[in-house]
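Laid out in structure tokens, this is it:
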């Protein structure tokens, strides 16, 4: 008899407790549940709130997919003195890109602007130590400015065109 009363009491408590518990909660702009014959899945789009934890080696945002973005400028060690002076600005840009370097050894340099697919969109040979490159006709995208010496890559810059 005691067992039946206890069972009658615990069954609704257990049911209410399970139905009202949530494993994760977040503020989202959209989302929903999809149910099928083999299972179900919950999804969310546009997470509005999350927590970012900072440490000595970096930061991570909980519940947010972390993108690996490498912001390295590829370069050659054969041109170390030249590379210290080689600058491209402003980046991001809208119409004119300025290339500035100090060519103490009179190295002949060329440039090529390539799109993400590797197509050459602009190029020039034997460039001056200060050069303005008009990229106003290019679409808003990411491009690569490749500096070369006798077809040997000296440095590659990632250029963002707004």
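In mature numbering (1 follows the signal peptide of the UniProt record, and there is no 0), the protein residues as written are -23 to -1, 1 to 139.
Quick reminder that beta carbons are idealized off the backbone N, C-alpha and C, glycines included.
Model, not experiment: these values are computed from the prediction.
One Cα belongs to residue 30, the other to residue 101, and the distance between them is close to 47 Å.
DSSP, reduced to helix, strand and coil, places residue -19 within a helical segment of the structure shown. When DSSP reads this structure, residue 78 sits in no beta bridge, so it has no partner.
DSSP, reduced to helix, strand and coil, places residue 14 outside both helices and strands of the structure shown, so it counts as coil. The criterion of a C-beta distance shorter than 8 Å is not satisfied by residue 85 and residue 97. Residue 120 counts as buried, since at least 16 other C-beta atoms from the protein chains shown sit within 10 angstroms of its C-beta. If the five residues before and after residue 117 are omitted, its C-beta is found closer than 8 Å to the C-beta atoms of 138 and 139, all from its own chain and listed in chain order. Taking the Cα positions, residue 103 is about 17 Å away from residue 65.
For residue 112, the closest C-alpha among the options 133, 17, -19 and 73 is that of 73.
The beta carbon of residue 107 sits closer than 6 Å to those of 77, all from its chain and outside the five residues before and after it, given in chain order. Around the Cβ of residue 132, a 10 Å sphere holds 16 or more other Cβ atoms; the residue is buried.
Look at residue -14 here: in three-state DSSP terms it is helix. Residues of the same chain with a CB within less than 6 Å of the CB of residue 87, apart from the 5 flanking positions on each side, are 102 and 125 in chain order. Cβ atoms of residue 18 and residue 68 stay farther apart than 8 Å, at about 41 Å.
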